[in-house]
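K.L.:
Pasting in a structure now, in structure tokens, and then I'll have a few things to ask.
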Amino acid sequence: MLDILSLFFGNRIDIPGHIGFLLMAVSLFLTNILWLRVFLILSFAFLIVYFALTPTPLYTGIAWMSLFIAINLYRLKALLAARRIVDAVPGGALLRDSLADLDDEELSRLVEFGELVDLDDGSVLINTGEAVRAIYLVAAGKAQVELGGRIAARLGRGAFIGEVAFLADAPSTATIRAAGPLQVIALDTEQLRLAGQADPRISAGIYHAMGRALAKKLLAAGRQKTRA
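Each residue of the sequence shown is one higher than the last, beginning at 1 in the UniProt record's numbering.
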């Protein structure tokens, strides 16, 4: 097998080097941080073998690759620990899906102040004209949006509540109440802002997710007007 590969890659000693650099190239296309680190660790491991097999072992390269492996193993351990934290929290999987731009380390900071709340039919989450103190993510049931005393929309699982006022930093322009038994994940707006200030990636991920949610609501509202 090595003889066949050597026809394409040259000296058999070079094969681990080609594999290592190929894995590194593949890692550049990965968006999942966990798999990116796995590929980098494998890449550095093959490069260590390559540097060790050269006629004169490249100890400088071996030392640096070993350091890079240690760093990525440490970060991988932290990432897996954060994943366990998110998975252990009720609603953690929904947060991961709704805030898809955030990795588990960033999500684990949000679940520290996130709270799963059960509400009865008719319970008010947000009143018109009031400041929004929490962003809500519907985990189960439905909420209704009321404008001028009429129901303007219904929001189901995975929908954000209060994101418009949060993005605009303004009081709510609608009343949101439970349309039947409702379960939501509540994220304190002040804590969200502090988390975003501490880590720009969290800020970007939150605003991107809420921007997408707002765009979907506007499209749905436009379709309703067209049908009417």
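Built from N, CA and C at the ideal position, the CB exists for glycine as well.
Taking the alpha carbon of D120 as the reference point, which residue from A140, L67 and A168 has its own alpha carbon closest?
P.N.:
For this step, residue 120 is matched to residue 120 along the sequence shown. When only C-alpha atoms are compared, the closest one is A140.
K.L.:
Can you round the beta-carbon distance between S123 and L182 to whole angstroms, since I take them to be within the 8 Å contact cut?
P.N.:
For the purposes of this step, residue 123 is taken as the residue at position 123 of the sequence shown. For the purposes of this step, residue 182 is taken as the residue at position 182 of the sequence shown. Contact between S123 and L182 holds: their C-beta atoms lie close to 7 Å from each other, under 8 Å.
K.L.:
Give me, in chain order, the residues of the same chain whose beta-carbon lies closer than 6 Å to that of F113; leave out the 5 immediate sequence neighbours on both sides.
P.N.:
Position 113 of the sequence shown, counted from the first residue, corresponds to residue 113. Excluding positions up to five away in sequence, the list reads D188 and Q191.
K.L.:
Can you list, in chain order, the residues of its chain whose CB lies under 8 Å from that of K77, leaving out five sequence neighbours each side?
P.N.:
The residue labelled residue 77 in the question sits at position 77 within the sequence shown. Correct list: empty, nothing qualifies.
K.L.:
Do F44 and I19 count as a contact pair if the criterion is CB distance below 8 Å?
P.N.:
Taking the first residue of the sequence shown as position 1, residue 19 is located at position 19. Taking the first residue of the sequence shown as position 1, residue 44 is located at position 44. The answer is no: Cβ separation not under 8 Å.
K.L.:
I'd like to confirm the pairing. Which residues does DSSP put opposite L187 in its beta bridges?
P.N.:
For the purposes of this step, residue 187 is taken as the residue at position 187 of the sequence shown. BP columns for L187 point to G114 and I135.
K.L.:
Which whole-angstrom value describes the C-beta separation of V184 and L137, a residue pair presumed to lie in contact below a C-beta threshold of 8 Å?
P.N.:
Counting from one through the sequence shown, the residue named residue 184 turns up at place 184. Counting from one through the sequence shown, the residue named residue 137 turns up at place 137. Rounded, the Cβ-Cβ distance is 6 Å, consistent with contact.
K.L.:
Just curious, the alpha helix (DSSP H) that I85 is in, first and last residue?
P.N.:
Working through the sequence shown from its first residue, we reach residue 85 at position 85. Start and end: Y59 to A88.
K.L.:
Strictly by DSSP, which residues pair up with A178?
P.N.:
By 1-based counting over the sequence shown, the position of residue 178 is 178. In DSSP, A178 forms a bridge with A143.
K.L.:
My output table needs one value for L30: the three-state DSSP class, helix, strand or coil.
P.N.:
Counted from its first residue, the sequence shown places residue 30 at position 30. Three-state DSSP puts L30 in coil, outside helix and strand.
K.L.:
Reducing DSSP to helix, strand and coil, say where L125 ends up.
P.N.:
Position 125 of the sequence shown, counted from the first residue, corresponds to residue 125. Reduced to three states, the DSSP call for L125 is strand.
K.L.:
For L155, which of helix, strand or coil comes out of DSSP?
P.N.:
Here residue 155 is taken as the residue at index 155 of the sequence shown, counted from 1. DSSP, read as helix, strand or coil, puts L155 in strand.
K.L.:
Am I right that V145 and A152 are in contact with their C-beta atoms under 8 Å? What's the rounded C-beta distance?
P.N.:
Along the sequence shown, read from residue 1 onward, the residue named residue 145 stands at position 145. Along the sequence shown, read from residue 1 onward, the residue named residue 152 stands at position 152. That pair is a contact at about 5 Å.
K.L.:
Do I13 and T54 have their beta-carbon atoms positioned less than 8 Å apart in this structure?
P.N.:
For the purposes of this step, residue 54 is taken as residue 54 along the sequence shown, with counting starting at 1. For the purposes of this step, residue 13 is taken as residue 13 along the sequence shown, with counting starting at 1. Yes. Within cutoff.
K.L.:
From N127, M210, I202 and G180, pick the residue whose C-alpha is nearest to that of A168; which is it?
P.N.:
Within the sequence shown, numbered from 1, the residue matching residue 168 stands at position 168. Taking only the C-alpha atoms, the option nearest A168 is M210.
K.L.:
Count Cβ pairs between the region 174-181 and the region 65-75 that sit closer than 8 Å; are there 3 or more?
P.N.:
No, the region 174-181 does not touch the region 65-75.
K.L.:
Tell me whether L99 sits in a helix, a strand or coil according to DSSP, three-state version.
P.N.:
Here residue 99 refers to the residue found at position 99 of the sequence shown. Note: L99 maps to coil in three-state DSSP.
K.L.:
Quick check: what's the CA-CA separation for F21 versus N11?
P.N.:
In the sequence shown, the residue the question calls residue 21 occupies position 21. In the sequence shown, the residue the question calls residue 11 occupies position 11. So the two alpha carbons sit approximately 16 Å from each other.
K.L.:
Going by DSSP, what residue range makes up the alpha helix (DSSP H) through A170?
P.N.:
One-based indexing of the sequence shown puts residue 170 at position 170. Element bounds for A170: n/a, residue is neither H nor E.
K.L.:
Strictly by DSSP, which residues pair up with L219?
P.N.:
Locating residue 219 in the sequence shown gives position 219, where the first residue counts as 1. None, per the DSSP bridge assignment.
K.L.:
From G148 to K216, what distance separates their C-alpha atoms?
P.N.:
The residue labelled residue 148 in the question sits at position 148 within the sequence shown. The residue labelled residue 216 in the question sits at position 216 within the sequence shown. Rounded to whole angstroms, G148 to K216 spans 22 Å at the Cα level.
K.L.:
Is the Cβ-Cβ distance between T175 and I126 less than 8 Å?
P.N.:
For the purposes of this step, residue 175 is taken as the residue at position 175 of the sequence shown. For the purposes of this step, residue 126 is taken as the residue at position 126 of the sequence shown. Yes, these two residues count as a Cβ contact at 8 Å.
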